Amino acid sequence: SLGDHDAPYGRAYVYAIDPAAKTIQLVVDVNKTLGLTDRQLYGPGKIHAPLIDGGDGWLYFVTYRGWKSGPSFKGDFLLRYNMESGKAENLGVMAPDMSVPSLIFHPGSRMFYGLAVPANGKEEPLPAFYAYSLEEKKVVFSQPSKSKVSRSCFFDATGRGYWDSEGSLARFDPKTREIAITKGKIPGNGALR
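To convert, count from 1 in the sequence shown and add 2; that's the numbering used here.
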């Protein structure tokens with residue numbers, strides 16, 4: 003993915019690279035997929051989190067750059083690209099009024115976990131943790147989280163998600179859909195990035 007990092011109207015793209023054929027092909031123009039033609043509207047200037055192979059023929063990704071968003075910002079978008087057909091789809095705003103710089107996927111539970119940050123100038127909502135069910139095609143859990151930088155989360159073999167919360171390790175359990183602050187402490191400045 004590439005982006006111009008501009009805001010509030012930015013441009014972001016996804017390319018397919020074929021090392022054998024030595025080709026680079028534009029496969030997703032984010033603003034075109036979102037139908038954004040008016041430069042007065044918010045356009046995401048970046049894809050911050052990794053592109054994720056969902057194991058279903060689709061590549062999933064979330065836009066980013068809402069921290070300098072302008073008045074038309076409603077939140078950043080979860081999109082997907084079908085690697086066989088070339089079709090791109092908008093699955094909607096993942097976190098209202100927020101951008102999602104960190105996203106991971108647990109194949110066993112078919113869940114995305116993301117950390118979201120509020121748009122520029124918005125004191126509320128607070129940074130938050132999100133869980134999106136690929137099976138249900140919707141956000142199934144969201145809760146404010148006091149992550150220092152909201153840039154890194156990971157999961158264990160059972161599908162529980164982890165991230166930093168005020169110097170401690172927070173944990174989300176997809177079975178109970180609850181967050182717990184563990185006894186684990188994060189060294190250094192207490193942030194995961």
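Using N, Cα and C, we set each Cβ at its ideal position, and we do this for glycine too. These figures come from a predicted structure and were not determined experimentally.
Exercise. Looking only at its own chain, which residues have a Cβ that is under 8 Å from the Cβ of K89, when we skip the five neighbours before and after it?
Worked result: For K89, where only same-chain residues beyond five positions count, the Cβ hits under 8 Å are Y83.
Problem set entry | Simplified DSSP assignment, three categories, for K139 | Three-state result, K139: coil.
Exercise. Among P46, G110, A133, which residue has its Cα nearest to the Cα of T65?
Worked result: Closest option to T65, Cα to Cα, is P46.
Problem set entry | K34, DSSP secondary structure in three states | Of the three classes helix, strand and coil, the one that applies to K34 here is helix, per DSSP.
For this session: Could you tell me the distance, in whole angstroms, from the CA atom of S135 to the CA atom of S144?
Result: Roughly 12 Å separates the two Cα atoms.
Problem set entry | Cβ-Cβ distance between G116 and S104 below 8 Å | Between G116 and S104, the CB-CB gap stays under 8 Å.
Exercise. Got a sec, what are the start and stop residues for the beta strand (DSSP E) I19 sits in?
Worked result: Judged by DSSP secondary structure, I19 falls within the beta strand (DSSP E) whose first and last residues are 14 to 20.
Exercise. Residues in its own chain within less than 6 Å of G161 by CB, not counting five upstream and five downstream?
Worked result: H108, G110, S111, P176.
For this session: Note the first and the last residue of the continuous beta strand (DSSP E) segment covering H108.
Result: Run containing H108: 100 to 108, per the beta strand (DSSP E) assignment.
Problem set entry | Beta carbon of S3 nearer than 8 Å to that of L53 | Yes, the pair counts as a contact, with Cβ atoms nearer than the cut-off.
For this session: Report the three-state DSSP secondary structure of Q27 (helix, strand or coil).
Result: Reduced to three states, the DSSP call for Q27 is strand.
For this session: Out of L171, D40, N33, V119, state which residue places its alpha-carbon closest to the alpha-carbon of R13.
Result: Minimum Cα distance to R13 is reached at N33.
Exercise. Would the beta-carbon of R173 fall within 8 Å of that of A159?
Worked result: Taking the C-beta atoms as reference points, A159 is found no nearer than 8 Å to R173.
Exercise. Going by alpha carbons, who is nearest to G77 out of V29, I26, M85, P129?
Worked result: Here the closest residue by C-alpha is P129.
For this session: Using the Cα positions of K2 and A97, report the straight-line distance between them to the nearest angstrom.
Result: Lying before the first or after the last residue shown, residue 2 is absent from the chain, which here runs from 3 to 195.
For this session: Could you please give the first and the last residue of the uninterrupted beta strand (DSSP E) stretch that includes G163?
Result: 163 to 167 is the extent of the beta strand (DSSP E) around G163.
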